[in-house]
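Quick note on numbering: the sequence shown equals residues 1 to 193 in UniProt numbering.
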Amino acid sequence: MATTAGGSSPPLRSYRDAVAGAAVRPPPPPVSFDTASFRPMGMLTWDQGMKVLRFSSEEITRLSQPFRYALVRKFWHGYPSMQHLRRWMLAQGFRGDFSAGAINVCHVFIMFALEEDYTKLWIKSIWFVDGFPIRFFKWTPTFNPREESPIVPVWVRLPELPIQFFDREALQYCPAIGDATSDGCLDGHVGAS
1 MATTAGGSSP PLRSYRDAVA GAAVRPPPPP VSFDTASFRP MGMLTWDQGM KVLRFSSEEI
61 TRLSQPFRYA LVRKFWHGYP SMQHLRRWML AQGFRGDFSA GAINVCHVFI MFALEEDYTK
121 LWIKSIWFVD GFPIRFFKWT PTFNPREESP IVPVWVRLPE LPIQFFDREA LQYCPAIGDA
181 TSDGCLDGHV GAS
């Protein structure tokens with residue numbers, strides 16, 4: 001490979017750019033990994049004559065942590081254009097960033113930066129975009145697009161509960177309703193009814 005007067009390699013250009021006479025692209029920034037912070041994960045085993053990498057439930061939990069505010073958007077009976085979907089998402093007035101990507105023709109993965117944005121979409125069972133119904137599912141590490149998620153938000157009324165018990169610690173392990181503090185179930189709002 002040729003080098004420049006300074007001894008370094010010239011910037012890379014694609015064949016298309018070279019033929020079209022396009023300007024030289026700067027090289028991508030170098031990728032560096034701090035190997036001191038790497039922790040080996042998983043255990044390589046054999047299963048039915050094939051190598052299999054198995055992860056512990058703790059490792060799966062750690063790997064899934066960045067996706068704790070992720071939803072899967074499901075369309076049925078058709079779907080709007082991606083342009084309309086983007087416009088609709090932006091019109092929801094989210095306070096934080098979000099990113100979205102297609103899983104398949106019916107499912108879109110959406111990851112939110114803020115729990116409140118995530119909760120805003122998940123608590124309403126069905127939304128409509130350009131007349132097309134959309135349902136949101138909580139993403140889990142075991143998500144399978146061929147199956148409906150069994151995880152749904154549930155509203156629980158606690159009439160006449162004394163005000164001092166509207167506390168995360170007091171309601172955290174109420175066996176009748178499960179973990180009331182997960183996924184924004186207890187958002188600090190107390191309402192009379």
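Note that the Cβ used here is the ideal one computed from N, Cα and C, for glycine as well.
Here the alpha carbon of Ser56 sits roughly 22 angstroms from the alpha carbon of Lys138. Counting only residues of its own chain and dropping the five nearest sequence neighbours on each side, Gly42 has a CB closer than 7 angstroms to the CB of Leu53, Arg54, Phe55 and Glu59. In this structure, the straight-line span from the alpha carbon of Phe166 to that of Val129 is close to 36 angstroms. Less than 8 angstroms separates the beta-carbon of Phe112 from that of Gly96. Straight through space, the alpha carbons of Ser64 and Phe143 are spaced by roughly 12 angstroms. By alpha-carbon distance to Arg157, the top candidate from Arg146, Glu148 and Leu171 is Leu171. For Arg95, the secondary structure class from DSSP, reduced to helix, strand or coil, is coil. DSSP, read as helix, strand or coil, puts Asp117 in helix. Burial check for Asp47: the Cβ neighbour count within 10 Å stays below 16, so the residue is exposed.
In the three-state DSSP reduction, Trp88 falls in the helix class (H, G or I). Scanning Met50, Phe67, Gly49 and Arg73 for the CA closest to the CA of Trp127 turns up Arg73. As the crow flies, the alpha-carbon of Arg68 is around 10 angstroms from that of Thr61.
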